[in-house]
Structures are given as C-alpha cells and as structure tokens.
Amino acid sequence: MTTAPWICRTCLSRFVRPLARSNARFQSTRSSKETIPAGLLARARNIAIEHKQLTEKLANGFDARAAKKIGEYSPIVEALKAWEKANESVGELTSLIHDPETDAELRELAAEDLSATRATLADASQSLTTSLVPVHPFAHLPCLIEIRPGAGGSEAAIFAGDLLRMYQAFCNRKGLRTMLLKYENINGGQEAGIPLSEAILEVGTENAYGMFRCEAGVHRVQRVPVTESKGRTHTSAASVLVLPSIEENTLGEEDVDDPESDYYIDPKEVKTEVMRARGAGGQHVNTTESAVRLTHIPTNIVVSIQDSRSQPKNKEKAWRLLRSRVAQLRREKREEELAAMKRSVVGVAKMGRGDKVRTYNWGQQRVTDHRSGTTVHDLNDVMDGGQTLEKVMESVRNWLMERDVEALLAEESSSKT
Amino acid sequence: MPRLPTSLIRAARLIDPLLPLLLRPCRDLRSAQNELRWLCEHIQNHAGARNITERTALLKKLVQERSTGKPLQYILGTEFFGDFEIECRPGVLIPRQETAASITQLVHLLRKSKSLPPELRILDLCTGTGCIPLLFQDELSKHQDIRLELLGVDISKKAIQLARSNLAKLRSQGKPTAGNKISFMRADVLDDAREGYDHEIPKLMSALESQHKSSTWDILISNPPYVSPSEYWKTTTRSVRCFEPQLALVPPPSHGLKDLDQGDRFYPRLLHIARDVAAKIVLFEVADLDQALRVTGMARQAGIFSGIEIWRDDPGGSAELESTYASGDFPIVGSGNGRSVLCWRGEGAVWLGKHV
C-alpha cells in the first residue's frame, strides 16, 4: 500500500504559490516609473483616435480649430507611439528570455538588451505622462512675480528683498529677460538696501509662467535677523505672487482673420437672418426691407442692423458690431479669470507663517520645500539663484504635475461612473 | 389685405405724425420708421430745399406720394443692388435683392476658380436698369485680374437709356472699369411675331450681327419677365402692379398659350439662345420652385448641359450644407424660395468648381 505522505495545508499552499511572488509588495506607495495608470493610457488611445479623425478632416478642408487641436494632440500621439513600441519590445525580450527553447547565448544578449529597453520604456512612459497632463492654459505666457513682506515686521521686509535678489540672480543665470516694474522700500522710496515693501518683477520670456508658477505662496525664513540684538532666531514670512502677464491683445480689429485675435469669429458659428418678403418674392414684390440679423451661436449674442437701404452694407456693419461684442465678452472673461486666480493664489488670511510653501533656515543652512518634501542644504547657492534653487523648483513642478495627473484620473473615474 | 389696427396707427402717430401715412404701404411700424428716416436723409442730402419750411413741405409731399403705394425706390431715385446704388426711374423694373444675391453667388463661385480664361464674355438679356452687368463686373474685377466684355440687352428704350446713364454714373464716380467693355443694346429677345409688334426693334441675333458684336458668349444671365397673367393679378403686390412696368413682369401673350406657359414663355427661347451663342454657364431667375422645376425640365430636354442646379433666395451662406435633392434629382442650394436655375457645360463646370 503506497500512500502519499501527509502534508499540512500551509505547506501545500506554499507549493502552489510561486516563491518569487511572496517577496513582492503588492501595494506600494512608490510610484513605478514604467507603468502608466490604465485610465491615462485609455485617454491617450482616445486622443490618438481623435487625432486620426481630425487629420482626415483637415485633409478635406482647412479648419483653424481642428488644426489647433491637432497641434495640441500630436506630442501625445508621438509619445504614445514611442511608449507602445518600447512596451512591445520589452514584451518580446521577456518572452524570449522565458522561452525554454532559446539558447543560452541569445538569452544573455536578450537580458542585456532588456535593461536598455526598460530604460527607454521608463523614459517613454514619463514623457507620455507629461504630455498627457494638460498644460496650464497660461503656461506659455510671460509672468509677473510680486513679492511682499508678510508676518515678521522689518525682518520680513529684509527677507522679501533677499527673495527679490534671489529671483533676479536666477533669471540672470538662466538668461531670462527681466524688468523691475515696481520697487518700493518701507520708507516709500526707491533706493535699494532698505527693507522692501513691495516689488513686482516681470519675467518677459515666454513660458516663464510655467516655470515660476511653482514659486507662488508664502516663503518662511528662520534666522537671527540683523535687527535682533539678543541673538534670538526669528521666524518671518514673505509672500510671493506669480501671475501670468497677459498683455492687452495687440491684435486689433484689422486682424479679423487671425484665429488668435479676439475679433476672430468662425463664420460657421454665426446664423445669418435676412428679413425677406413673405410669399413669392422676386418680381412679385418690391420690398425695402434690408434688415440683417446675426446670431453668434456659442455666446448667443444677437446683432440686428437696419440702418442702410443696402443689405450688404447692413450685413457688413452687423458683422463689425458682432465682432466687437464678442471681443468685449472674451476680454471680460479673461479679466475675470485673472481676478479669480489672483484671489485663489494668496487669500488675505493665507499670509501667515503657517501656510508656508518653503522654509529657508539659516541656522541649519537648509531649504525645505513643504509641497514636494525636498530638502537641500546649500542655502547660499539657493539665495544666489544657483543650481540648487533650480533643483528645488524642478521638484515642485514635478509635484504639481503629479497632482494634476491625480486630478485627471479622479475626474476620469468620476465621469465614468 | 388686413386692415391696420387702430392701436398701431395711434402708436405711429405718437412717434411721428407722418408715420400713419407710411404704414399704409409698409404695414408694420419698424419698416415705416426706416422709410421715414431714409426719406428725411434723402431730403437733407439731395433735394434742393433751402429752409426748414420747404423741407417739411417736401417731406410731406414725398410721404404722401409713398402712401399711395409708389415704390420708395422711384421716389428716392435709387435702389441698392449688392454694394451698388443703382438709379431707378418709373418705367423700368426696380432691381431686386434676390437677383443681387444670385449674381453675387455666381461671381463668388467664379472667383474661387483658378482656371478662368483671361477674357470672359457675359451676355445679360432683359437687363432693365443694367444692374446685373454692372454688379458682375465690379464684383469680379475687384478680386481677379480678368478682362470682361459685358453686353446688356433690353427691348425697352427707357431701360436702355437708364442702363447707359447708370454706366456713365459709375464711370464718373471713378470706379475701375478699366479694360472691361460694357455696352447696352436695344433688341428683342423673343423672335416670333406678336400683336402690337414694333418692327423697328431688331431681333437679338440680327442685332448682334449688325452691331458687330461677338456671336459667342461664355456666360448668359437673364432675369426675364416670368409672371403669368393670373399670378400677376393674384400674387404681385399692389405697388408692383400700379407702378412697375408690366412689360418687365409678364411675358407677352401668344396664340394658343395657356396661362402657365405664357409665364414660362421666355425660357425655351433663352435656352435656344444659350445654344446658339455657345454659352458655358447659364443663370436664369425664376418665380418659385415650381417654375424652377419646369425650367430645369426644359433645360434637360435641350440636352446640351452637363449639370443643372436650382438656387434659392440666398444661395450663399448656409447653402452648401443643406443642399437637398428634389424630384428630378437636381440639387437645390440655399435657403428661401426657389429663385434661379443654373446650368453649365464644358469648361463652365471647371469655372464653377463643379466636379465633372
């Protein structure tokens, strides 16, 4: 009688479960660089399909809107293509390695290749994620950096001046065009060296808003102020406000054919109504009706003109009026958006030391950004606007992007349900 | 015609004491106000009244004239045809806005074409004020470097005189007519004998020959009389019946022709002419969709055209999107009433940008 030896259930289940997996962490907080969230990938694929449709549409006739959209989508489509290619080759290599029929030499080569391909895949997924995250609508614009001392009295004002010098040095080093729009010290004068009460620095280079957006917030300083006689460390704050600098649209009424202009209206979005004789028309009636009514469908603006006896003249006048009304509406909307942004960046209550985004600690020669959690120790280089400051800013930008990705995913999942 | 409500008349009198008179022909307050404004402007700009009393008296006189139904265009002496201010006189049909819309659309199509010949010859039959050749040449040579030869033909002496005076006015305003030849000629388009026929008026073909005009024309345009006698009494407005020439509206009667056929009388003859002058593009104005379908039938029977289209009042604008196919599979373009019939053949298809 042959009987299999009795094996306990735990041991049995251990046989079934592969050994390697028992060490793997199933849930990890660390973001893996190779994988892309499924939602994002689906979104990328949708965009690729839409891009294809738009390209076909554009082949049949020019449409300014479609062309603009294609321009926005094409980096995503490119990145998706690169990612899919890398993903495929990783898959192939892996199957080659795991295939028992592959000879040893080939397997070795494949293993070598695999690590390189993995790196490409990581790059590709990184760039895909970056391209998918919606770029801030104002990121391409120049920006204004407004610095004001917060809590902490004259020490805060001194620190505000330090911050201004830091940003100026940074821009100098990066070769960005800057202009000091306003500089006011606490005495109300303009001389430098006296603690600052308000400064507005314009960075005139394009994309500056995207670069400095991460700097907005309360910057906290911890040091022994020069005004302190007893050697105590103080904590003070200065607020930095970063706003996109939207110049008054230079495109005027004469640029009506430029889609960027406020005055541009797509003729397809306008319903033209001409008052006509009821009934037969033509030779049967001799009407003097020449009124023209235009309706801009997206905004529901209606313009009606009946001044002239000539219908074409009325039409021309109506178009001019409609253009200026739509332009006015667009301008107002933009100003409103800007005002809302100003309010959201720094509320009046958020000027204290508690809501800081970054701390500059002289005692420990340390700069910590509280959003990305980055800490650097080369305080002097930061204050001179050097490489270290760039490193900190970079980390915050990445942090902002991750938040955006999360928001995007959340939005997508909520729209699905 | 429904009676004007007393409340409307009272409201009009509150705005201006002359408005109730204008309500009679206009029927609604808004257009009456517009007309009063135009009359005031006319007096201020043109009429020779020196002081305010004379002006007021003149205005009153004009308003009274208008209240009898006399077309405003005859009172002011002009009508806008497209961008143009065309002179109008009693005895000649007032240009219609629908005609201008069709002509503008035709020119718009030609303008988009890149294969137009360096010289185009356009024949306009039943030209009236001469508005069609004048608008056509202005619209086309504004945008394209092209030499045009235009000839307007009408049976009425008054019409030819007016057309020539319109042309002279255009030249004196310094509008660029350079390189373009525009002329007007008196001739009879119909060729059969009829009652009260004036033998002094030459037939079209012989007139072309005797006046050394070309016998081939690239584009034939016509806004002929197209109202049948019964329609004339039923559907035309009183102001048209009483003040505009019947000659320009109703084709002359002929033996054995029924009412409807009399209304259509010009079209077979025009198609015949189109063949004789080897026209590549033909544009006829018609009364409504029914007549348009009858004319397309005739054009198809003529068998010389490679494409036929029906245009509505406003062939541009939202046109191309909602072209529908009616019975007889002719595309109908635009919005409004059926207004004109467009036929083309040979090179005409390329000029119009139609796919052969």
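Protein sequence lines correspond, in order, to chains W and B.
When you line the first sequence up against our numbering, it's residues 1 to 417, in that order.
When you line the second sequence up against our numbering, it's residues 1 to 356, in that order.
Where a beta carbon is used, it is the ideal one built from N, C-alpha and C, also for glycine.
Here N300 (chain W) carries a coil assignment [DSSP, helix/strand/coil]. In this structure L58 (chain W) is in contact with I70 (chain W), their Cβ atoms being roughly 7 angstroms apart against a cut-off of 8 angstroms. At a beta-carbon threshold of 7 angstroms, the residues of chain W lying near I94 (chain B) are N286, ordered along the chain. At least 7 angstroms separates the CB of P142 (chain W) from every CB of chain B. When CB distances to chain W are screened at a threshold of 8 angstroms, the residues of the stretch 38-52 of chain B falling below it are W38, in chain order. With respect to S102 (chain B), L151 (chain B) sits apart: the two C-beta atoms are not nearer than 7 angstroms.
Closest in alpha carbon position to M1 (chain B), among B:P17, B:P25 and B:I9, is B:P25. If you check the CB distance, D381 (chain W) and T375 (chain W) do not come in under 7 angstroms. Excluding five sequence positions before and after L190 (chain B), the CB atoms of its chain that fall closer than 6 angstroms to its own CB belong to R269, given in chain order.
Contact check between the stretch 268-288 of chain W and the stretch 235-245 of chain W: fewer than three CB pairs, one atom from each, fall below 8 angstroms, which does not count as touching.
About 6 angstroms separates the beta carbons of E155 (chain W) and T227 (chain W), which is inside the 8 angstroms limit, making them a contact pair.
For S125 (chain W), the enclosing alpha helix (DSSP H) starts and ends at A104 to L132. Judged by DSSP secondary structure, S74 (chain W) falls within the alpha helix (DSSP H) whose first and last residues are A64 to H98. Among the residues facing chain B, G282 (chain W) is included, as its CB has a counterpart in that chain under 7 angstroms away.
Nearest C-alpha to F159 (chain W) among W:S89, W:V240 and W:T205: W:V240.
Residue state for C11 (chain W) is assigned as helix, using DSSP reduced to three classes. For the options B:S210, B:P20 and B:A187, the alpha carbon positioned closest to that of I201 (chain B) is the one of B:A187. Residue-level contact check: P312 (chain W) touches chain B, since one or more beta carbons of chain B fall below 7 angstroms from its beta carbon. Only those residues of the stretch 205-227 of chain B whose C-beta falls short of 9 angstroms from the nearest C-beta of chain W are listed: N223, P225, Y226 and V227. With its beta carbon less than 7 angstroms from one in chain W, T235 (chain B) belongs to the interface.
Within the stretch 239-254 of chain B, the residues whose Cβ lies closer than 9 angstroms to any Cβ of chain W are, in chain order, S239, V240, F243, E244, A248 and L249.
Counting only runs that start and end inside the stretch 45-99 of chain B, the beta strand (DSSP E) elements of at least 3 residues fall at 78-81 and 84-87. At least 7 angstroms separates the CB of D124 (chain B) from every CB of chain W. Look at the stretch 131-185 of chain B and you find these whole runs of beta strand (DSSP E), each 3 residues long or longer: 147-154. Looking at the backbone, the Cα of R43 (chain W) and that of A122 (chain W) are separated by about 19 angstroms.
Collapsing the DSSP output to three states places P312 (chain W) in a helix.
In terms of Cα proximity to H234 (chain W), the closest of W:S131, W:A199 and W:G152 is W:G152. Considering only B:V240, B:A207, B:A11 and B:S31, the residue with the shortest C-alpha distance to G281 (chain W) is B:V240. By the Cβ-count criterion, K280 (chain B) is buried, with 16 or more other Cβ atoms from all chains shown falling within 10 Å of its own Cβ. Burial state of T104 (chain B) is buried, judged by a 10 Å Cβ sphere holding 16 or more other Cβ atoms. Q53 (chain W) is outside the set of residues whose beta carbon lies under 7 angstroms from a beta carbon in chain B. Of all residues in the stretch 301-328 of chain W, only Q306, S308, R309, S310, Q311, P312 and K313 place a beta-carbon less than 8 angstroms from a beta-carbon of chain B.
Between the alpha carbons of G82 (chain B) and Q283 (chain W) lies a distance of about 17 angstroms. Counting along the chain, R294 (chain B) sits inside the alpha helix (DSSP H) bounded by residues L289 to A302. In summary, Q306 (chain W) is buried, with 16 or more beta-carbon neighbours lying within 10 Å of its beta-carbon over all protein chains present.
In this structure, S290 (chain W) and S308 (chain W) form a Cβ contact; the two beta carbons are roughly 6 angstroms apart against a cut-off of 8 angstroms.
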